[in-house]
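Working notes for the structure below.
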Amino acid sequence: MTSTDKVKLAIVGLGNIANMHLKSCAELNNVDLVAVCDVDKELADKTAQTHDCKSFYDHKELFDSKIAEAVIIATPHFHHTPIAIDAHAAGLHILSEKPLGVTKADCEKMLNAHTDKSKIFAVVFNFRTYPAFVKAKEILASGELGEILRVNVTATDWLRTNAYYESGTWRAKWATEGGGVLVNQCPHHLDLMQWLAGMPSKLFAVCKFGHHHPIEVEDDVVATFEYPNGALGIFTTTTGECPGRNRIEISTERGLLTINNLTELTLLRNEKSVKDTLENGGVWDNPWPWKCEIPVAPNDDLFARALRLNLKSFADAVLGKSEPLAHAPEGMNSVELANAMIYSSLLNQPVELPIDAQAFQAKFDQLVEQSQPAATSSA
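Sequential numbering of the sequence shown, starting at 923, is according to our numbering.
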């Protein structure tokens, strides 16, 4: 393999998730890690020495150096927008960690700055690579199950203690994290919901702020969705429940598709459609569902494999060989869903999608203004 078959890559932000990306870089043969960047100079230098690359302490200096042709943005959420805009201006390909941004307005700024469409702008969504979800997407896209009737997503296995929220002064504050469970824990579930079933046209949500913990952001959420075809959906999440569940159910004309604990895929397949049964069935008739076993690929080392596949597909896209797993505009969908739920709860009324990005931003800015300042020392 020649040097032109590798993407010269830099990583900005060297927190926990960056360590996984660094591991992926070492395992892939289509990327060449040339630089790392972090405001913590000691961390940047140590990481660069370990991985035999150059260190930078300011992303603008990194971009100005022209050492890289692509960048992974793995910084805290609020920094994604300015760094991505600067990366666009520098002519770089971008792979952003989730969430793409904190608000829809921030995402729009990044997307509007992406004027050179020859440059790849992608976002990391790990669950899209999990075998059960890959197969579920394939089945739904085939059309064999007919129209979607209902979507239920339960993501309540995110138990977090008070000590967790106290472990970083930036956690659980509007001004420094931008939200709670919807922004931190659930971007992947929100992405799956829209990836598998599409975007709803309307939703109503109840967000409990500081319900289980002494925090200012949401830690318990229930939302009802309405889709363009009239189908309904329910989304439930919390960080204050145990035992929790991790389950997605999609009811269709021809059966019920269920993904449990991210790995177990089952299908209760109807012998005839629900619509046909309703219109032509007898008094006590039903579609007579039967359980269909659906084989999926092994689930070994799911998280590390997912990050590796996201980076590989991004690098292949930069090299002109394929498309990335998720283009940036798709990343805005999960952000918009999270924004819409918070907006609906604050207004105490249903909201239509797409939401008015500036109207929500005004509400969000009020929350930021009221946010408690971070402590001067970490807990």
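Yeah, the Cβ is synthetic: ideal placement off N, Cα and C, and Gly gets one too.
The shortest C-alpha to C-alpha distance from Ala1248 to any of Ala996, Ala1006 and Lys1020 is the one to Lys1020. The C-beta distance from Ala1077 to His1111 rounds to 5 Å, short enough to fall under 8 Å.
Rounded to the nearest whole angstrom, the C-alpha separation of Phe1286 and Asp1141 is 17 Å. By the Cβ neighbour-count rule, Phe1131 is buried, with 16 or more other Cβ atoms within 10 Å of its own. Where Pro1272 is concerned, there is no enclosing beta strand (DSSP E), because DSSP gives it neither an H nor an E. By the Cβ test, the segment 1055-1073 is not in contact with the segment 1261-1268, since fewer than three Cβ pairs between them sit closer than 8 Å. Counting every other CB atom within 10 Å of its CB across the protein chains shown gives Lys1095 a total of 16 or more, marking it as buried.
Taking a 10 Å sphere around the C-beta of Arg1050, we find 16 or more other C-beta atoms and assign the residue as buried.
Remark: C-beta atoms of Glu1099 and His999 approach each other more closely than 8 Å.
Straight across, the Cα-Cα distance linking Ser946 with Ile1156 is about 35 Å. In the displayed model, Ala992 falls within a strand according to three-state DSSP. In this model, Leu1017 and Gly1101 are separated by some 22 Å (Cα to Cα). Separation of the CB atoms of Gly1162 and Asp1079 is rounded to 12 Å, and the pair is thereby denied contact status at 8 Å. Of His1133, Val1105 and Gly935, the smallest CA-CA separation from Val1024 is found for Val1105. Between Asp1008 and Lys982, the C-beta spacing is below 8 Å. Unbroken alpha helix (DSSP H) stretches of 4 residues or longer found wholly inside the segment 944-1015: 963-972, 981-987 and 1002-1011, given in chain order. In its own chain, leaving out the 5 sequence neighbours on each side, no residue places its CB closer than 6 Å to the CB of Thr972. DSSP places Asn1221 outside both helix and strand once states are collapsed to three, so it counts as coil. Contact check for Leu1125 against Val1273 passes: the beta carbons are separated by less than 8 Å. By the C-beta density criterion, Asp960 is buried, having at least 16 other C-beta atoms within 10 angstroms. Contact check for Lys1059 against Trp1117 passes: the beta carbons are separated by less than 8 Å. Exposed is the label assigned to Leu1200, since fewer than 16 other Cβ atoms lie within 10 Å of its Cβ.
Under a 10 Å Cβ-count criterion, Cys1108 is classified as buried, with 16 or more other Cβ atoms of the shown protein chains found around its own Cβ. Per DSSP, the continuous alpha helix (DSSP H) segment holding Glu1030 begins and ends at Lys1026 to Ala1035. Counting only the Cα atoms, Arg1191 lies some 23 Å from Pro1220. Asn1048 counts as buried, since at least 16 other C-beta atoms from the protein chains shown sit within 10 angstroms of its C-beta.
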